[in-house]
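Number of protein chains: 2
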Amino acid sequence: MANFSRLKLALIGATALAGCSTMATAPAGVSAEAWAIHNRLLTLDTHLDTPAFFDTVRGYDIMERHDVERDGSQVDYPRMVEGGLDGGFWVIYMGQGPLTPEGYRDVRDAALIRAMSIHKMVAANPDKFELALTSSDAARINASGKKIVYISIENSYELGEDLSLLDTFYKLGVRMAGPVHNGTNQLADSTNPGAVGMKWGGLSPMGRDYVKRANELGIVLDGSHSSDAAIEQMIDLSATPIILSHHGADHLNEHPRNAPDALLKKMAAKGGVIHMNALGSFIKTLPQTKERTDAMTALRTKWGNPNQLESTRYELYLDELNAIDRQFPENRATLEDYMQQVLYTIKLVGVDHVGFGADWDGGGGLDGFRDITALPKITDRLLKEGYTEADLAKMWSGNVIRLLKAAEDYKASLK
Amino acid sequence: MANFSRLKLALIGATALAGCSTMATAPAGVSAEAWAIHNRLLTLDTHLDTPAFFDTVRGYDIMERHDVERDGSQVDYPRMVEGGLDGGFWVIYMGQGPLTPEGYRDVRDAALIRAMSIHKMVAANPDKFELALTSSDAARINASGKKIVYISIENSYELGEDLSLLDTFYKLGVRMAGPVHNGTNQLADSTNPGAVGMKWGGLSPMGRDYVKRANELGIVLDGSHSSDAAIEQMIDLSATPIILSHHGADHLNEHPRNAPDALLKKMAAKGGVIHMNALGSFIKTLPQTKERTDAMTALRTKWGNPNQLESTRYELYLDELNAIDRQFPENRATLEDYMQQVLYTIKLVGVDHVGFGADWDGGGGLDGFRDITALPKITDRLLKEGYTEADLAKMWSGNVIRLLKAAEDYKASLK
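Protein chains in written order, with this note's numbering: chain A, 92 to 506; chain B, 92 to 506.
Right, here's the structure in full:
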């Protein structure tokens with residue numbers, strides 16, 4: 092990781108000269124030393140759900156600094172600079188729908204449009220973002236002063252019954268993919284199986300072909316949202332180590348979206364990596380007041396999916412949401428709860444097998460860890476726990492880049 | 092068209108103030124009056140093949156002014172300004188390949204990438220280009236000072252056997268589509284049928300479904316490259332008038348890519364429009380010297396497809412191409428040959444049924460009409476022939492916008 096560090100230092104110098112003073116200020120609660128180290132590291136989050144905003148009627152200007160306390164959004168370019176986040180995996184997320192020809196067609200089209208929207212975001216900001224397609228692209232793009240855009244798939248429902256669409260998405264830049272989201276689909280059982288239930292006992296026959304084809308293409312397999320059995324089968328079947336891109340550990344809070352110790356150890360033994368999710372209810376049971384629950388239900392009934400609202404109505408919706416948050420505050424897990432999970436997991440599987448995928452813009456976010464500007468707090472805390480800059484370099488990007496490289500090498504070995 | 096004219100004049104004023112002096116200078120051979128009228132008109136070319144350059148290894152910077160005498164390219168933003176071209180239909184062109192599952196998959200993916208590249212071009216230049224999706228978008232975009240980007244499909248081979256992909260491309264912005272290119276495919280017989288031959292006697296059964304679905308989606312059907320029988324069936328079957336987006340008239344030079352008088356009259360009687368192609372060999376038989384033919388064959392054998400060459404090798408290829416052009420000049424048709432076809436066709440079917448689709452970057456271009464900077468010569472000549480500004484407004488965009496509106500209205504009528 093030494094190369095990354097040198098390149099990053101050069102970059103910091105250039106940016107400082109250009110007057111980007113935000114990079115020189117440590118966020119509150121972060122020591123100057125931790126901030127300096129954080130900025131030297133190449134940092135990737137493995138699950139940025141922000142592209143879900145790109146196709147809304149009002150769009151999402153990635154170059155505008157948003158306020159999480161106002162709209163709940165957690166990622167944009169100004170905050171990537173403030174939080175020292177160099178890039179990540181920008182997600183093509185599709186919600187689960189009916190397992191019918193019509194359902195498959197609709198989701199295929201929507202996923203293609205989402206992929207295109209990520210590309211358009213990069214095309215519109217060529218001096219700020221660059222598409223990353225190989226394991227070596229991250230360091231190169233970081234050295235050029237741009238933010239890194241890998242693309243991943245959350246829920247491969249959009250492949251329908253046509254596995255050749257995985258090739259299509261690979262050609263559109265996808266380098267990480269998971270088979271399922273909430274709701275068992277044609278590929279795998281989900282941790283949240285819904286009406287279809289735990290149908291496959293893990294992966295479906297098509298799901299097994301999917302693992303093989305992902306390996307052949309050089310795509311890193313992502314087990315997040317797959318049932319524990321499906322994850323275990325992915326570990327066994329995959330020719331290269333898998334990732335859990337935004338996942339938790341059962342030990343401190345048993346939850347379907349967290350993995351038991353034995354599974355994490357098995358994954359790590361095969362070289363895999365867990366990137367720790369910061370979604371509150373996965374970390375801690377969080378009872379809300381009846382008043383809040385009722386108010387939120389009424390809000391959702393009144394407004395529907397806020398992503399479908401045009402700007403004027405969206406602002407009115409936010410006014411009401413903000414009023415509820417003030418009147419009946421959310422019971423949230425804290426950064427400390429998260430760090431306890433992270434520290435436990437590092438001790439369990441080691442620094443070569445842990446990273447960060449906080450589910451930003453997908454449900455992640457905690458007290459003291461509301462958006463990506465809080466990321467340096469992780470670095471600060473882990474340094475205080477005695478982890479070294481080299482350890483942090485692995486967790487912040489080295490591990491996932493190793494997985495990308497393994498996937499590429501396997502693909503190359505087939506030729 | 093009066094609204095267009097006023098808006099355009101306002102735009103010209105604003106641009107002149109901004110120092111864009113090229114718009115104030117009439118191209119050589121064009122009267123000041125014709126140039127002023129040309130700039131007042133909303134001008135669309137219905138077949139811009141330029142996107143074929145976007146996915147080459149070296150890319151194509153639409154904002155760079157290229158030289159047709161050097162690289163043969165004919166369209167870029169600076170030349171759109173010089174030639175007073177306000178926009179057009181930017182083509183997703185795919186060459187015909189095998190009618191096999193593998194062939195269908197490959198072309199589907201390539202066509203999706205081409206669609207994305209057109210969107211990326213627009214996203215990268217948001218103050219210069221804008222995607223047009225409706226018949227009214229052209230005037231609105233023109234009034235805003237941007238160039239108009241409608242998207243069309245040349246060769247629907249990429250649909251494979253899955254007509255639902257036509258919906259996909261509609262969602263990606265396609266508003267005009269033709270079933271076939273060189274080589275009869277799964278949808279229609281081609282004017283250049285290749286090994287598959289004239290298999291269908293016009294449209295295939297899937298081709299007939301394709302016409303119906305295009306109508307339902309509000310896509311204008313394009314008969315260029317379809318056999319005369321297929322064109323006639325499209326006229327009969329389509330619920331809305333069809334276009335021949337880049338086509339010729341047989342009368343002065345019989346050629347498969349030109350249509351006989353009776354077919355043009357039948358199409359016009361149903362409201363359709365022919366946009367006149369400026370591809371030399373469709374206009375006139377053009378024998379080349381044996382020396383040139385041999386040299387060009389050797390060049391192609393040596394270099395292969397120039398679109399596949401990276402920049403350094405491409406420049407070497409151009410050096411050799413330019414040397415051949417100097418030593419053994421091409422025997423080209425002239426602008427006057429083109430105008431004779433245009434004038435004949437206008438007299439045959441009337442100003443409501445003719446427009447311009449010169450096949451720029453797809454084989455078009457003539458002596459005196461080498462790239463889009465020569466477009467005002469058409470306006471100049473037609474004015475001299477006694478056609479009015481109102482006539483020209485129809486031919487330069489009014490007719491094709493009428494077809495878009497008819498397609499939209501039919502779609503709306505189905506609800």
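Ideal placement from N, C-alpha and C gives every residue a C-beta, glycine not left out.
| Item | Value |
| --- | --- |
| Proximity winner among B:Thr392, B:Leu466, B:Asn490, relative to Val172 (chain B) (alpha-carbon distances) | B:Leu466 |
| Backbone secondary structure at His316 (chain A) - three-state DSSP | coil |
| Cβ-based burial, Ala360 (chain B) [other Cβ within 10 Å; buried from 16] | exposed |
| Beta carbon proximity, Met297 (chain A) to chain B, threshold 7 Å | no |
| Three-way DSSP call (helix, strand, coil) for His346 (chain A) in this model | coil |
| Contact set between Lys51 (chain B) and chain A, taken where Cβ atoms lie within less than 9 Å | Residue 51 (chain B) cannot be examined here, being either before or after the span of chain B that is shown, 92 to 506. |
| Whole-angstrom distance between Ala498 (chain A) and Leu505 (chain A), CA atom to CA atom | 11 Å |
| 7 Å CB neighbourhood of Thr464 (chain A) in its chain, flanking five on each side removed | Pro118, Arg170, Glu173, Gly174 |
| C-beta neighbour in chain A for Asp200 (chain B), strict 7 Å | yes |
| Under the three-state DSSP convention, the category Arg266 (chain A) falls into | strand |
| Reference Leu494 (chain B), options B:Ile333, B:Thr275, B:Ala201, B:Ala229, closest by Cα | B:Ile333 |
| Beta-carbon gap between Val166 (chain B) and Trp487 (chain B) smaller than 7 Å | no |
| Helix, strand or coil at Glu173 (chain A) according to DSSP, with G and I counted as helix | helix |
| Cβ contact (3+ pairs, closer than 8 Å) linking the region 230 to 249 of chain B and the region 177 to 192 of chain A | no |
| Closest residue to Met267 (chain B) among B:Ile244, B:Glu155, B:Lys393, B:Leu474 (Cα-Cα distance) | B:Ile244 |
| Residues in the region 127 to 158 of chain A having any Cβ partner in chain B nearer than 8 Å | none |
| Residues of its chain near Gly292 (chain A), where Cβ-Cβ distance is below 8 Å and the 5 sequence neighbours each way are ignored | Asp280, Ala320 |
| Cβ neighbours of Ile128 (chain A) in the same chain (closer than 8 Å, five flanking residues each side left out) | Thr470, Leu474, Glu480, Leu483 |
| Reference Arg196 (chain B); option with closest CA among A:His138, A:Met387, A:Thr225, A:Leu256 | A:Leu256 |
| Distance between Leu457 (chain A) and Thr425 (chain A) (C-alpha atoms, nearest Å) | 5 Å |
| Pair within 7 Å by beta-carbon distance, Gly269 (chain B) and Ser226 (chain B) | no |
| Sub-7 Å separation of Met430 (chain A) and Arg461 (chain A) beta-carbons | no |
| Chain A contact for Arg196 (chain B) (CB, 7 Å cutoff) | yes |
| Chain A contact for Lys262 (chain B) (CB, 7 Å cutoff) | yes |
| Exposed unless 16 or more other CB atoms sit within 10 angstroms - verdict on Ser308 (chain A) | In the sequence as presented, Ser is not what sits at residue 308 (chain A); that position holds Leu. When all chains shown are included, Leu308 (chain A) counts as buried. |
| Neighbour-count burial assignment, Leu377 (chain B), 16 or more Cβ in a 10 Å radius | exposed |
| Exposure of Lys99 (chain B), with buried meaning 16 or more beta-carbon neighbours within 10 Å | Model confidence at Lys99 (chain B) stands at a pLDDT of 43, short of 50, so the residue's coordinates are unreliable; what they give is reported in the following sentence. Its Cβ being crowded by 16 or more others within 10 Å, Lys99 (chain B) is buried. |
| Neighbourhood of Arg383 (chain A) by C-beta, 6 Å cutoff - its chain only, sequence neighbours within 5 removed | Phe419 |
| Opposing strand residues paired with Lys485 (chain A) [DSSP bridges] | For Lys485 (chain A), which the question treats as bridged, DSSP gives no partner whatsoever. |
| Span separating the alpha-carbon of Tyr478 (chain A) from that of Lys438 (chain A) | 11 Å |
| Start-to-end residues for the beta strand (DSSP E) that takes in Glu476 (chain A) | First-last for Glu476 (chain A): undefined, no H or E at that position. |
| Span separating the alpha-carbon of His444 (chain A) from that of Ile492 (chain A) | 12 Å |
| Under 8 Å from the C-beta of Thr225 (chain B): neighbouring residues of chain A | Near Thr225 (chain B) there are no residues of chain A at all, since even the closest Cβ is about 16 Å away, more than 8 Å. |
| Assigned exposure category for Arg391 (chain A) - 16 Cβ within 10 Å defines buried | exposed |
| Within-7 Å CB hit, Gly255 (chain B) to chain A | Sequence inspection shows Ser at residue 255 (chain B); the Gly mentioned does not correspond to that position. Chain A, which has a Cβ nearer than 7 Å to the Cβ of Ser255 (chain B), makes this yes. |
| is_contact[Thr259 (chain B), chain A] using C-beta, thresh 7 Å | yes |
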